[in-house]
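Notes follow once the structure below has been shown.
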Amino acid sequence: DRQSVLSSMMSEPVPPPPAVQILELRQLLFMARQDSVNTQQQVINAGHQLIMTEQEMARRDDMHQSQLREMKMRAERAENLLDSRQGCRDEPKEKELEEKVKELEKEKKRTNKKIDKLSDQLEKEKNRASEMEKSVSDLTTQLEEEKEGRSRSDQ
């Protein structure tokens, strides 16, 4: 009988002492708390990521809104310019402006002709001046030669 009691006691698991059980429970509690902290950190990181994404989306939306406003303003300016040009064609001012342009073109042609004439005259005057310089130089040389000839004959 003793043998059977001993063998039945051996087959049953022996519970660890209470100090070991408390230590194991504390380790489990620590690991659970660590998991909780890790989960909280992941939630915080996900929140930060969400905020950053929302800020980026808001920034892009602002940029697109700004570009859209700029494009609308350009379109309005282009329409206004087109309208003003079409309106100008219907007015007699356009004919006046065309006449003034024609007059100015004629004046430009006359001025260019005058400039060409004056350029030709200037070129002729330059040629005359260079001929006179050459004549003066020739006369100076001739005069010097005559002086040298006299001084030789005087000696």
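Read in my numbering, the sequence shown has 74 at position 69, and its numbers run on one by one without any break. Cβ coordinates follow ideal geometry from the N, Cα and C atoms, glycine included. Computed from a predicted structure; not experimentally measured.
With a threshold of 7 Å on Cβ separation, who are the neighbours of residue i within its own chain once the five nearest residues in sequence on each side are excluded?
i           : result
residue 120 : none
residue 61  : none
residue 112 : none
residue 5   : Shown here, the chain extends from 6 to 160; a query on residue 5 therefore has no answer.
Just to confirm my understanding: we take residue i, look at its own chain, exclude 5 residues before and 5 after, and list those with CB closer than 8 Å. What are they?
i          : result
residue 29 : 21
**Message:** In chain order, what are the residue ranges of uninterrupted alpha helix (DSSP H) at least 4 long that sit wholly in the stretch 75-148?
**Reply:** For the stretch 75-148, not a single whole alpha helix (DSSP H) run of length 4 or above is found.
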